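Colleague: Residues are numbered in my numbering as their position in the sequence shown, beginning at 1, plus a constant of 7. For glycine and all other residues, C-beta sits at the position ideal for the given N, C-alpha and C. Keep in mind the model is a prediction, meaning the values are calculated, not measured. Have a look at this one before I ask anything.
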Amino acid sequence: MHDGNVVVIGGGYAGVRLAKRLDATARVTLVDRKEVFFHRIASLRAGVRPEWTVTPFIPYDRLLTHGRVVIGKAVRIDTAGREVRLATGERLPYDVLVIATGADYPEPARFAGATAEEAAKSFGEHQRKVATAQHLLVVGGGPSGVELGAEIRLARPDARVTLAHSGPELLHSTGSARAGQKARAWLEAHDV
8 MHDGNVVVIG
18 GGYAGVRLAK
28 RLDATARVTL
38 VDRKEVFFHR
48 IASLRAGVRP
58 EWTVTPFIPY
68 DRLLTHGRVV
78 IGKAVRIDTA
88 GREVRLATGE
98 RLPYDVLVIA
108 TGADYPEPAR
118 FAGATAEEAA
128 KSFGEHQRKV
138 ATAQHLLVVG
148 GGPSGVELGA
158 EIRLARPDAR
168 VTLAHSGPEL
178 LHSTGSARAG
188 QKARAWLEAH
198 DV
């Protein structure tokens, strides 16, 4: 497939990883509605701490050596004609099409809008809510909930922070009882 056109719709973790792996062996076009890669893992801290607001945004400009990144929205896939049509009207021919549009998450792990500026504004709103609340409730004892609860506690030692979880233990989905026990011990020691 040295000369093939590969269009990857979705610039999240899976789409970016695939585009980078194929960059040297195919003509890769990565399509995403966001102007930057959104590092979701850093977003929980960014939603709590203003100094982290821009940390989750990584420019796409150095992502591919040979391929290209197109900022836009795919609105139609013509399987017979083997092309993707963007909202701008641009058509992207493909030999292989990959749809890696990922998943969506609640705030603060959501990229709100299409630009880094819009997402940063959303983070700012979330940061203000955290900064002014007297009692904060985090629902879910998985990795994101545990991390968010800890980030809030560290940023707001004066606030009441509650972590609600319906599972048998924290971090149950990770398969590590030890990790869940350590997380619970830390949270309890820090009055969460």
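If we cut at 8 Å on Cβ distances, does Arg-98 have a partner in chain B?
Modeller: Of the protein chains in the structure, only one exists, and it is not chain B.
Colleague: Here's the rule: buried if 16 or more other CB atoms are within 10 angstroms of the residue's CB, otherwise exposed. What is Pro-175?
Modeller: Exposed, by the Cβ-count rule.
Colleague: Could you tell me which residues DSSP pairs with Asp-39 in its beta bridges?
Modeller: In the DSSP output, where bridge partners are listed per residue, Asp-39 has Ile-78.
Colleague: Would a C-beta distance cut-off of 8 Å place Pro-57 and Gln-134 closer than the cut-off?
Modeller: Their beta carbons are under 8 Å apart, which means Pro-57 touches Gln-134 by this criterion.
Colleague: Closest to Phe-118 by C-alpha separation, out of Thr-60, Thr-32, Arg-28, would be which residue?
Modeller: The option with the nearest alpha carbon to Phe-118 is Thr-60.
Colleague: Measure the C-alpha to C-alpha separation of Ala-87 and Leu-37 and round it to an integer number of angstroms.
Modeller: Their backbone Cα atoms lie some 21 Å apart in a straight line.
Colleague: Measure the alpha-carbon distance for Val-55 versus Asp-85 and round it to whole angstroms.
Modeller: Whole-angstrom Cα-Cα distance: 43 Å.
Colleague: Give every residue of the same chain whose Cβ lies closer than 6 Å to the Cβ of Ser-180, excluding the five residues on either side of it in the sequence, and list them in chain order.
Modeller: Same-chain partners within the cutoff: Gly-149.
Colleague: How about Ile-16 and Thr-108: do their beta carbons lie closer than 8 Å?
Modeller: Taking 8 Å as the Cβ cut-off, Ile-16 and Thr-108 qualify as a contacting pair.
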